[in-house]
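Residue numbers (numbering that gives the first Met the number 0): 0 to 208. What follows is a set of notes on a single structure, which appears directly below.
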Amino acid sequence: MIHAKPQNISKNIALGHTRYITNGILTQPLEKDGITLVHNGHIKELESENKSDSQLLLEYIIKNKKGDMIDTIKNVIQNIESSYFVILIYQDTIYAFKDRYGIRPGLYGIKGDDIIISSENNKNTYIDKDIEAGEIMMVKEGKIYKYQTKNCFQSYIFEFLYFSRPSSTVYGLSVRDFRINLAGLSEKMIKNPIDVVCGIPSSSRVYGL
Numbered sequence: 000m001i002h003a004k005p006q007n008i009s010k011n012i013a014l015g016h017t018r019y020i021t022n023g024i025l026t027q028p029l030e031k032d033g034i035t036l037v038h039n040g041h042i043k044e045l046e047s048e049n050k051s052d053s054q055l056l057l058e059y060i061i062k063n064k065k066g067d068m069i070d071t072i073k074n075v076i077q078n079i080e081s082s083y084f085v086i087l088i089y090q091d092t093i094y095a096f097k098d099r100y101g102i103r104p105g106l107y108g109i110k111g112d113d114i115i116i117s118s119e120n121n122k123n124t125y126i127d128k129d130i131e132a133g134e135i136m137m138v139k140e141g142k143i144y145k146y147q148t149k150n151c152f153q154s155y156i157f158e159f160l161y162f163s164r165p166s167s168t169v170y171g172l173s174v175r176d177f178r179i180n181l182a183g184l185s186e187k188m189i190k191n192p193i194d195v196v197c198g199i200p201s202s203s204r205v206y207g208l
């Protein structure tokens, strides 16, 4: 829990993270060798009993670092096929990128001079532009640059069914609308009357509407 606002922020870029840990013991952001990183997803190629996949990803980036960070990230996307959306800071520049399948959501928005990158949005906010599968977005000195690598887009249905907030959009599709429409289709397929709809967790409650 955050009890006070961060102090002594000397620059105009920052990373925050609320991901629960699926393996390993470290929270995020992670920092090593001048790279600060946050990650959402599950990288099955990088698994260890003692380290999180996020920590192993950071170590992979450092170990396989090319002369240019864009080339380094291209190497990650080319060689690691699992699901991930990553944001990192290196040399006062922000990089955001997805795996080639675009399994995890990742969006950005612009409001005035501010650029916000997030793994999830609210459909009423300005964070409404998707980062595409296999895409690298670089934010440097207030300007956005994009680099497209291999795109094998395969959306992950569990983002719509379970993970995402109902108020979010994933690749332009309202999660709430998806769940309501799915509930309507399910009702037509079920012959017996439905008495109770249980949310496990609360993301499923919309199915009962």
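Note that beta-carbon positions come from the ideal geometry of N, C-alpha and C, so glycine has one too.
Cβ-Cβ separation, residue j to residue i (assumed contact under 8 Å), whole Å
i	j	result
D91	K142	The pair is not a contact, with the Cβ atoms about 13 Å apart (cut-off 8 Å).
G108	K128	6 Å
A95	I130	6 Å
F177	F162	Incorrect: roughly 12 Å between the Cβ atoms, too far for contact.
E119	R164	6 Å
I60	I34	6 Å
Y144	I102	The Cβ separation is near 24 Å, so there is no contact.
D79	E44	The residue asked about is misnamed: residue 79 is Ile in this sequence, not Asp. Yes, they are in contact, since the Cβ atoms of I79 and E44 sit about 6 Å apart, within 8 Å.
Closest residue to residue i among the options (Cα-Cα distance)
i	options	result
G15	R175, N39, D32 and C151	N39
E134	Q27, E119, P192 and C151	C151
S167	P28, Y144 and P104	P104
Y146	A132, K110, Q153 and E58	A132
I76	I88, L56, N121 and T35	L56
R99	L36, T124 and I42	I42
K64	S47, I115 and D32	D32
K121	K97, M136, K149 and Y170	At residue 121 the sequence reads Asn, which differs from the Lys that was named. With distances taken between Cα atoms, N121 lies closest to Y170.
L87	L29, P192 and L181	L29
D70	I12, V195, M136 and D194	M136
A13	L106, N74 and I115	I115
V149	K187, K73 and A182	First, the residue type needs correcting, since residue 149 is Lys and not Val in the sequence shown. Answer by Cα proximity: K73.
S117	E58, T124 and L106	L106
T124	N191, S173, N78 and F157	S173
I153	K97, N180 and K190	The question names Ile, but residue 153 is Gln in the sequence shown. Here the closest residue by C-alpha is K97.
Check: residue i C-beta below 6 Å from any heavy atom of the ligand PLP
i	result
H16	This structure lacks the ligand PLP; in fact it carries no ligand of any kind.
Where the alpha helix (DSSP H) containing residue i begins and where it ends
i	result
Q54	D52 to K62
V75	M68 to N78
L160	L160 -> no alpha helix (DSSP H), and no H or E assigned at all.
I179	V174 to M188
Per-residue DSSP class, three states only, for residue i
i	result
N49	coil
K139	strand
K145	strand
L14	coil
N121	coil
S82	strand
T26	coil
V195	coil
Y89	strand
E131	coil
I116	strand
K65	coil
N-terminal and C-terminal residue of the beta strand (DSSP E) that residue i is part of
i	result
F96	T92 to K97
Y100	From DSSP, Y100 is part of no beta strand (DSSP E); its letter is neither H nor E.
N39	I34 to H41
Y107	L106 to K110
| Between the stretch 73–91 and the stretch 42–57, do at least 3 Cβ pairs fall closer than 8 Å? | Counting Cβ pairs under 8 Å, three or more are found: they touch.
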